[in-house]
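Chains as they are written, first to last, in the UniProt record's numbering: chain D, 1 to 127; chain Y, 1 to 127. By construction, the Cβ of each residue, glycine as well, lies at the ideal position given by its N, Cα and C atoms. None of the values given here were measured: they were computed from a predicted structure. Notes for the one structure printed next.
2 protein chains.
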Amino acid sequence: MHIDHVGIATEDAAALADLYADLFDAPVAHEEEFDGLRVVFLEFGDSYFELLEPLEDGTVSRYLDANGPGIHHVALETGDIEAALDTARDHGVELIDDDPRPGAWGHDVAFLHPKSTGGVLIEFVEH
Amino acid sequence: MHIDHVGIATEDAAALADLYADLFDAPVAHEEEFDGLRVVFLEFGDSYFELLEPLEDGTVSRYLDANGPGIHHVALETGDIEAALDTARDHGVELIDDDPRPGAWGHDVAFLHPKSTGGVLIEFVEH
């Protein structure tokens, strides 16, 4: 698998995108409003930072309330998300999403519960 | 820049490496004891997970005490770490390391303070 992106929770995606563009020369690759979030993808080689700004109450706004801004999850790209979920299930990993669902940028996604994966919120993504 | 690795704080790097090898087909690329840490790099395409297990008191053990296991930092690879630090300095970013220092795997590294970078602990790394 390949690191598709690092998800970052923020109160202001536009300001953070501007800062990261300046500091890291990372251009905006895609932006959209999705699932109550403003989502901005910044390009780092063949991976991305995914900036997540809540526009309404939800998991990211609750994360920000509890933890403040920062790294929210890591997404791994797979060519077969169903097989990746089956492997996780076979190893007793608790799944947040039993089946793939539509994610940002038109990709299929599914999250694993961090209590099964060393405290790391892992997202599988299939383009 | 390119996402070199995602740093993950853990109490047991060997067990987490085994789990991630099973779940994500991520082989061990390098391991060493460095700076009071057991460090294990797992390969994900041309990026890595860097598992960090404290062997003595230090920043990672304090992170674990405060936050539990999970994502600790993101490292960006640059071909010119001095220039990257100069750019950060020019933008008023607080630096944890004013100058590059030797990091794991023989690389030069320098960290930026997360209060200047949206709550994200960023490491610059030059191979």
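Would you mind reading off the limits of the beta strand (DSSP E) that contains residue i?
i              : result
L55 (chain Y)  : Note, L55 (chain Y): premise wrong, no beta strand (DSSP E); not H, not E.
L112 (chain D) : D108 to L112
G7 (chain D)   : H2 to A9
V120 (chain Y) : Counting along the chain, V120 (chain Y) falls outside any beta strand (DSSP E), and DSSP gives it neither H nor E.
Listing by chain order, which chain Y residues have their CB less than 8 angstroms from the CB of residue i?
i             : result
D22 (chain D) : T87 and H91
Which residues mark the beginning and the end of the alpha helix (DSSP H) in which residue i is found?
i             : result
D18 (chain Y) : A13 to F24
Quick one: list the residues of chain D neighbouring residue i, beta-carbon separation under 8 angstroms, in chain order.
i              : result
T10 (chain Y)  : G118 and G119
P114 (chain Y) : G70
For residue i, which residues in chain D fall below 7 angstroms Cβ to Cβ?
i             : result
I71 (chain Y) : I71, V74 and V120
Please compile the residues from chain C whose C-beta is within a distance smaller than 9 angstroms of the C-beta of residue i.
i             : result
L42 (chain D) : Among the protein chains in the structure shown, which are D and Y, there is no chain C.
Cβ closer than 7 angstroms: which chain Y residues qualify as neighbours of residue i?
i              : result
G68 (chain D)  : G119
L16 (chain D)  : G118
D25 (chain D)  : M1
V109 (chain D) : Neighbours of V109 (chain D) on chain Y: none; closest Cβ ~15 angstroms, over 7 angstroms.
Roughly how far, in whole angstroms, is the beta-carbon of residue i from the beta-carbon of residue j, given that I think they are within contact range, below 8 angstroms?
i             : j              : result
L23 (chain Y) : V93 (chain D)  : 7 angstroms
P54 (chain Y) : V60 (chain Y)  : 5 angstroms
G58 (chain Y) : G79 (chain Y)  : Rounded, the Cβ-Cβ distance is 29 angstroms, inconsistent with contact.
A75 (chain Y) : E123 (chain Y) : 4 angstroms
Note down, in chain order, every chain Y residue with its Cβ under 9 angstroms from the Cβ of residue i.
i            : result
V6 (chain D) : I3, V6, I71, V74 and V120
Could I get the ranges of all uninterrupted beta strand (DSSP E) runs contained in the stretch 29-92 of chain D, with 3 residues as the minimum, in chain order? If only complete runs of 3 or more residues are kept, the stretch 29-92 of chain D shows the beta strand (DSSP E) at 37-44, 47-54 and 70-77, in order along the chain.
The stretch 34-62 of chain D: positions lying closer than 9 angstroms to chain Y by Cβ: Going along the stretch 34-62 of chain D in chain order, one finds F44, G45, D46, S47, Y48, F49 and L51 with a Cβ nearer than 9 angstroms to chain Y.
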